[in-house]
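Trainee:
Numbering (my numbering), first residue to last: -16 to 230.
1. What residues in its chain sit with their C-beta under 6 Å from that of residue 164, if we drop five residues either side in the sequence?
2. On the DSSP letters alone, give me the boundaries of the beta strand (DSSP E) that residue 83 sits inside.
3. What does a CB cutoff of less than 8 Å around residue 81 pick up in its chain, not counting 5 residues either side in sequence?
4. From what residue to what residue does the beta strand (DSSP E) around residue 176 run?
5. Using a 10 Å radius around the Cβ and a threshold of 16 neighbouring Cβ atoms, would you call residue 116 buried or exposed?
6. Have a look at residue 16 and residue -7 and give me their C-alpha separation to the nearest angstrom.
7. How would you write the range of the beta strand (DSSP E) that residue -6 sits in, first residue to last?
8. Please classify residue -14: does DSSP put it in a helix, a strand, or coil?
9. How should residue 22 be labelled, buried or exposed, when 16 other C-beta atoms within 10 angstroms of its C-beta is the threshold for buried?
10. Using the Cα positions of residue 206 and residue 198, report the straight-line distance between them to the nearest angstrom.
11. Can you look up residue 7 in the DSSP assignment and give me helix, strand or coil?
12. When DSSP labels each residue in this structure, what does residue 141 get in the three-state scheme?
13. By DSSP's criteria, residue 50 is part of a beta bridge. Which residues make up the other side?
14. Kindly indicate which three-state DSSP category residue 12 falls into: helix, strand or coil?
15. Using 8 Å as the threshold, is the region -15 to 0 in touch with the region 101 to 112, meaning 3 or more CB pairs across them?
16. Within the same chain, show all residues whose beta-carbon is closer than 8 Å to that of residue 27, passing over the 5 residues directly before and after it, in chain order.
Here it is as structure tokens:
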């Protein structure tokens, strides 16, 4: 099995007693399917191909994870379960592991077939992996989150810094969180929660975090680096524009 930008491929080949290829199978899965599924599918198709074999059959795979999954009696994977059922019914089939890219004729031939499967393989529809489902759900969550974030009326200071939501963690300090969220010892915040009669700063303007950091005349002698959180790093345009009067 292999995967590239065009899709996911799966293949196997059989050899006769004279070590010549006697039969092959190539399958083309969707781009959303992963290599693990392709490897398992190759094993399953190889077993099905030998359902009526009277002699003992050895099937070799370079996917150790696939073979370990088959050995797990409680595996919930649908392809693994099919392989296990087939092996229970067919006592003359053994599967084993072989190291990849060591010059083994069967393994190298199967790799060549897998690459050809993208154009020559039969289309194979199987369930998408859980990882793909998580990717789709996360993508939709972020899209909806972005819509709500853009039309919101609170947290606009944070919105200017982080306009696109993500699951990435921001290592902000306690003081940076207070500044960005505007939840802290600011007169505008204290007034909002009735902890102060007025939202005005001592200088007469509304005491928002941005006011204290950029325009308060009572703090004109304070260095910008003492007031503005380090995570701004000179990247916030609004702050840079309003902070021109600071050192």
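Ideal Cβ positions, reconstructed from N, Cα and C, are used throughout, including at glycine.
Mentor: A quick look at the data gives this:
1. Stepping through the chain shown from its first residue, residue 164 is reached at position 181. Excluding positions up to five away in sequence, the list is empty.
2. Position 100 of the chain shown, counting from 1, holds the residue named residue 83. For residue 83, there is no enclosing beta strand (DSSP E), as DSSP marks it with neither H nor E.
3. The residue labelled residue 81 in the question sits at position 98 within the chain shown. Cβ within range, chain order: 43, 44, 45, 87, 89 and 90.
4. Reading the chain shown from its first residue, position 193 is the one you call residue 176. No residue range can be given for residue 176, since it is assigned to no beta strand (DSSP E) and is classified by DSSP as neither H nor E.
5. Walking along the chain shown from the start, residue 116 turns up at place 133. Classified as exposed, residue 116 has fewer than 16 neighbouring CB atoms from the shown chains inside 10 Å of its CB.
6. Position 33 of the chain shown, counted from the start, is the residue given in the question as residue 16. Position 10 of the chain shown, counted from the start, is the residue given in the question as residue -7. Approximately 11 Å between the Cα atoms of the pair.
7. The count along the chain shown starts at 1 and reaches residue -6 at position 11. From DSSP, the beta strand (DSSP E) with residue -6 extends over -10 to -2.
8. Taking the chain shown and counting its residues from 1, one reaches residue -14 at position 3. For residue -14, the secondary structure class from DSSP, reduced to helix, strand or coil, is strand.
9. The count along the chain shown starts at 1 and reaches residue 22 at position 39. Residue 22 is buried by the Cβ-count criterion.
10. Position 223 of the chain shown holds residue 206. Position 215 of the chain shown holds residue 198. Low confidence applies to residue 206: its pLDDT is 45, below 50, so where it sits in the model is not reliable, and the reading given next is rough at best. Their Cα atoms are separated by approximately 12 Å.
11. Mapped onto the chain shown, residue 7 falls at position 24. Here residue 7 carries a strand assignment [DSSP, helix/strand/coil].
12. Start at 1 with the first residue of the chain shown, and residue 141 comes out as number 158. The DSSP-derived three-state label of residue 141 is helix.
13. Reading the chain shown from its first residue, position 67 is the one you call residue 50. Its beta-bridge partners do not exist; DSSP assigns none.
14. Position 29 of the chain shown holds residue 12. Here residue 12 sits in strand by DSSP.
15. Yes, since at least three Cβ pairs between the region -15 to 0 and the region 101 to 112 fall closer than 8 Å, the two stretches touch.
16. Against the chain shown, residue 27 aligns to sequence position 44. Apart from sequence neighbours up to five positions away, the residues of its chain that approach residue 27 with a beta-carbon distance below 8 Å are 62, 65, 66 and 69, ordered along the chain.
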